[in-house]
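Asks:
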């Protein structure tokens, strides 16, 4: 049986890798990948704690809900990225500085 | 070190190295395919936390859905990057240094907090009866999502419908005005 703290350390490292991608990348798709890493680190925490919640199953059910919500979020975000590319001809977030074209 | 721990640490090392390569590699197509590898090894870690149904869901939704969607959006949005695939010369910028510093500080806070807690002596972990390897978690999840978590389940289905309609509306070709 793997101890709980090992799961938490792995998810902390994964979260920081995602944070680095969000902070430094210059491509909207790579920033989206960083956000996905952060969501997945949180889901790993939920699942690791959910092992001790057998009756209510809160951890596993919430992990399931979080995965589905993240997938829906990615679909909308990619549609927005395609629209942004159509308007600005770039997906570098630092070059998109107008709310109204 | 028994076999279970060996496989667990193998998959966690695979996850962390592939995630590091995703954020550090220059070629975007390669980084998206490495993202695929890290999602698969994350699904393996879910199995070690005795959540086999979550692992299957991870493989189906992320690897089957999200990744294909990302590749699709990349192909539609980055034509000029595909034309010039010659390697860009590596230069270490100042903002990357700041990003690494912030992430290491955050990692230090999380890991030091983690090391201070003695997990095996927490009262709620001692009093709980953890999931065993022989338990049927898929059966439990099915019953719970229809009884205790029925309202979040239904709200989630309405939300998915909203996201579907919204994404289709955003991505269609608008009328020329």
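Residue numbers (the working numbering), protein chains in the order written: chain A, 5 to 105; chain B, 104 to 280. Even glycine gets a Cβ: it sits at the ideal position worked out from N, Cα and C.
Going straight from the alpha carbon of residue 15 (chain A) to that of residue 48 (chain A), what length do you get?
Replies: As a working note, residue 15 (chain A) is residue 11 in the first chain. As a working note, residue 48 (chain A) is residue 44 in the first chain. So the two alpha carbons sit approximately 6 Å from each other.
Asks: What does the alpha-carbon distance come out to for the pair residue 36 (chain A) and residue 19 (chain A)?
Replies: If you number the first chain from 1, residue 36 (chain A) lands on position 32. If you number the first chain from 1, residue 19 (chain A) lands on position 15. Their backbone Cα atoms lie some 13 Å apart in a straight line.
Asks: Taking Cβ positions only, does residue 104 (chain B) come closer than 8 Å to chain A?
Replies: Position 1 of the second chain holds residue 104 (chain B). Taking Cβ atoms only, chain A never reaches closer than 8 Å to residue 104 (chain B), which makes this a no.
Asks: Specify the secondary structure class of residue 238 (chain B) as computed by DSSP and reduced to three states.
Replies: Numbered from 1 along the second chain, position 135 holds the residue referred to as residue 238 (chain B). Coil at residue 238 (chain B), not helix or strand.
Asks: Per DSSP, what kind of secondary structure is residue 243 (chain B) in: helix, strand or coil?
Replies: As a position in the second chain, residue 243 (chain B) is number 140, starting the count at 1. Helix, per DSSP.
Asks: What's the call for residue 40 (chain A), buried or exposed, on a 16-neighbour Cβ count within 10 Å?
Replies: What you label residue 40 (chain A) is simply residue 36 of the first chain in a count that begins at 1. The residue is buried, with at least 16 neighbouring Cβ atoms inside 10 Å.
Asks: In the DSSP assignment, find the alpha helix (DSSP H) that holds residue 258 (chain B) and state where it starts and stops.
Replies: Walking along the second chain from the start, residue 258 (chain B) turns up at place 155. Where residue 258 (chain B) is concerned, the enclosing alpha helix (DSSP H) stretches over 253-274.
Asks: Below 8 Å between beta carbons is the criterion; list the residues of the stretch 33-46 of chain A that meet it against any residue of chain B, in chain order.
Replies: Residues passing the 8 Å Cβ filter: 33, 34, 36, 37, 38, 40, 41, 44.
Asks: Could you give the distance in angstroms between the alpha-carbon of residue 280 (chain B) and the alpha-carbon of residue 38 (chain A)?
Replies: Taking the second chain and counting its residues from 1, the one referred to as residue 280 (chain B) is at position 177. Taking the first chain and counting its residues from 1, the one referred to as residue 38 (chain A) is at position 34. Confidence is the limiting factor: at residue 280 (chain B) the pLDDT is only 49, short of 50, which leaves the residue's position unreliable, though a coordinate-based value still follows. Roughly 36 Å between the two C-alpha positions.
Asks: Between residue 152 (chain B) and residue 51 (chain A), how many whole angstroms is the CB-CB distance? I'm expecting something under 8 Å.
Replies: Position 49 of the second chain holds residue 152 (chain B). Position 47 of the first chain holds residue 51 (chain A). Sure, about 5 Å apart at Cβ, within 8 Å.
Asks: Do we get a CB-CB distance below 8 Å when we pair residue 102 (chain A) with the residues of chain B?
Replies: Here residue 102 (chain A) is taken as the residue at index 98 of the first chain, counted from 1. No - not a single Cβ of chain B is within 8 Å of the one on residue 102 (chain A).
Asks: Is it buried or exposed for residue 219 (chain B), if we count other Cβ within 10 angstroms and need 16 for buried?
Replies: Walking along the second chain from the start, residue 219 (chain B) turns up at place 116. Classification of residue 219 (chain B): exposed, given that the 10 Å Cβ count is below 16.
Asks: Given that residue 7 (chain A) touches chain B, what residues does it touch there, using C-beta distances under 9 Å?
Replies: Position 3 of the first chain, counted from the start, is the residue given in the question as residue 7 (chain A). Per Cβ cutoff of 9 Å: 222, 223.
Asks: At 4 residues or longer, and completely inside the stretch 108-181 of chain B: list those alpha helix (DSSP H) runs for me, N to C.
Replies: With a minimum length of 4 residues, the continuous alpha helix (DSSP H) runs that stay inside the stretch 108-181 of chain B are 131-151, 155-161, 170-180.
Asks: So the candidates are B:272, B:269, B:244, B:257; which of them puts its Cα closest to the Cα of residue 60 (chain A)?
Replies: Translated into positions along the first chain, residue 60 (chain A) becomes position 56. Nearest of B:272, B:269, B:244, B:257 to residue 60 (chain A), Cα basis: B:244.
Asks: Beta-carbon of residue 58 (chain A) versus every beta-carbon of chain B: anything under 8 Å?
Replies: Sequence index remark: in the first chain, residue 58 (chain A) carries index 54 (1-based). Residue 58 (chain A) counts as touching chain B.
Asks: Using 8 Å as the threshold, is the stretch 66-78 of chain A in touch with the stretch 157-169 of chain B, meaning 3 or more CB pairs across them?
Replies: Yes, the stretch 66-78 of chain A touches the stretch 157-169 of chain B.
Asks: Residue 246 (chain B) to residue 257 (chain B), Cα distance in whole Å?
Replies: Position 143 of the second chain holds residue 246 (chain B). Position 154 of the second chain holds residue 257 (chain B). So the alpha carbons of these two residues sit roughly 14 Å apart.
Asks: Give me the Cα-Cα distance between residue 196 (chain B) and residue 255 (chain B), rounded to the nearest whole angstrom.
Replies: Taking the second chain and counting its residues from 1, one reaches residue 196 (chain B) at position 93. Taking the second chain and counting its residues from 1, one reaches residue 255 (chain B) at position 152. When rounded, the distance between both Cα atoms is 45 Å.
Asks: Quick test of your reading: residue 203 (chain B) and residue 24 (chain A), contact by CB under 8 Å. State the CB separation rounded to the nearest angstrom.
Replies: Residue numbering aside, residue 203 (chain B) sits at position 100 when the second chain is read from its first letter. Residue numbering aside, residue 24 (chain A) sits at position 20 when the first chain is read from its first letter. Going by Cβ atoms, the distance from residue 203 (chain B) to residue 24 (chain A) rounds to 7 Å, so yes, they are a contact pair.
Asks: Looking at C-beta atoms only, is the number of pairs between the stretch 138-153 of chain B and the stretch 26-35 of chain A that lie closer than 8 Å three or more?
Replies: Because the criterion of three Cβ pairs below 8 Å is not met, the stretch 138-153 of chain B and the stretch 26-35 of chain A do not touch.
Asks: Which residue wins for smallest C-alpha separation from residue 198 (chain B), given the options A:9, A:66, A:29, A:10?
Replies: As a working note, residue 198 (chain B) is residue 95 in the second chain. Closest by alpha carbon: A:29.
Asks: Can you grab the Cα-Cα spacing for the pair residue 105 (chain B) / residue 10 (chain A), in whole Å?
Replies: To locate residue 105 (chain B), count along the second chain from 1; it is residue 2. To locate residue 10 (chain A), count along the first chain from 1; it is residue 6. C-alpha separation (whole angstroms): 16 Å.
Asks: May I ask you to list, following chain order, the residues of the stretch 205-237 of chain B that have a beta carbon less than 7 Å from some beta carbon of chain A?
Replies: Taking 7 Å as the Cβ-Cβ cut-off against chain A, the residues of the stretch 205-237 of chain B that qualify are 205, 206, 209, 210, 213, 214, 217, 222, 228, 231, 232, 233, 234.
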